[in-house]
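Novice: First residue of the sequence shown? That's 8 in my numbering, and the numbers climb one at a time after it. I have a structure I would like to understand better, so I am pasting it below and will then ask my questions one at a time.
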Amino acid sequence: MNLEGSCHCEAVRFGVRSTHPYPFNLCYCSVCRKTAGGGGYAINLGADYSTLQIQGEENVEVYRAVLCDKNSGTTKESPGQRSFCRICGSALWVWDPRWPELVHPFASAIDTVLPAPPERTHLMVGSKASWVEVRKGRNDKVFDGYPDESIADWHRRLDLENEGA
Ligand SMILES: [Zn+2]
Ligand SMILES: [Zn+2]
């Protein structure tokens, strides 16, 4: 399906095609929580980076988180590039050069009506804030770290891939 998105001040608008548009993937990591997750988590969608079209690109800034390795104590910059509006601060999408064909828009930035997911995946729960309650639905999966299936695999398992218009 075609996803249309925008930041809150509308200085940035974008469109992207997605075969994996269900907002089921709730990330509780500190970066998502601080930059995009007022409720304690952010929701990323899967979309096709080659189809991303941006209006107002001059207002898009990129943030790369600096992550600290708990074991070694060393810090390194995350390869994930988080785009946001430099005027209103809205989180827009994440692009990671390790998976260059994908882009992950934040569901919160999407204006198109998204389909409601029949079940959810809660990931990076080991990093969640203490005040955040994981509201686990009947078939939901919960992971301390990264989940055992990708956004694409989740859609395939539930036969929810959107190949049409
Ligand atoms: Zn804005
Ligand atoms: Zn995250």
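Note that the Cβ used here is the ideal one computed from N, Cα and C, for glycine as well. All values derive from a computational prediction rather than experimental measurement.
List the residues that DSSP assigns as beta-bridge partners of arginine 20.
Specialist: Ser13, Gln62
Novice: Please name the residue or residues paired with isoleucine 50 in a DSSP beta bridge.
Specialist: Note: isoleucine 50 sits in a beta bridge opposite Leu33.
Novice: Closer than 7 Å by C-beta to alanine 159: which residues in its own chain qualify, once you throw out the five before and the five after it? Chain order, please.
Specialist: Scanning its chain for C-beta atoms nearer than 7 Å, with the 5 sequence neighbours on each side dropped, one finds around alanine 159 the residues His27, Gly53, in chain order.
Novice: Is it true that the CB of valine 149 sits closer than 8 Å to the CB of histidine 129?
Specialist: yes
Novice: Let me make sure I understand the geometry here. Which of Leu109, Cys36, Phe113 has the alpha-carbon closest to that of serine 157?
Specialist: Leu109
Novice: I'd like to know if alanine 123 contacts chain D, where contact means its C-beta is closer than 8 Å to some C-beta of that chain.
Specialist: Among the chains of the structure shown, chain D does not appear; only one protein chain is present.
Novice: For cysteine 16 and asparagine 66, I'd like the C-alpha separation in whole angstroms.
Specialist: 11 Å
Novice: Is there at least one non-hydrogen atom of ligand 2 closer than 7 Å to the beta-carbon of alanine 18?
Specialist: no
Novice: Going by alpha carbons, who is nearest to arginine 40 out of Leu167, Val139, Asn146, Pro154?
Specialist: Val139
Novice: Please report the residue range of the beta strand (DSSP E) in which alanine 114 lies.
Specialist: Where alanine 114 is concerned, there is no enclosing beta strand (DSSP E), given that its DSSP letter is neither H nor E.
Novice: For glycine 63, I'd like the list of residues in its chain whose CB is within less than 7 Å of its CB, leaving aside the five on either flank, ordered along the chain.
Specialist: Close CB contacts of glycine 63 within its chain, under the 7 Å cut and outside five residues either way in sequence, are with Ala18, Val19, Arg20 (chain order).
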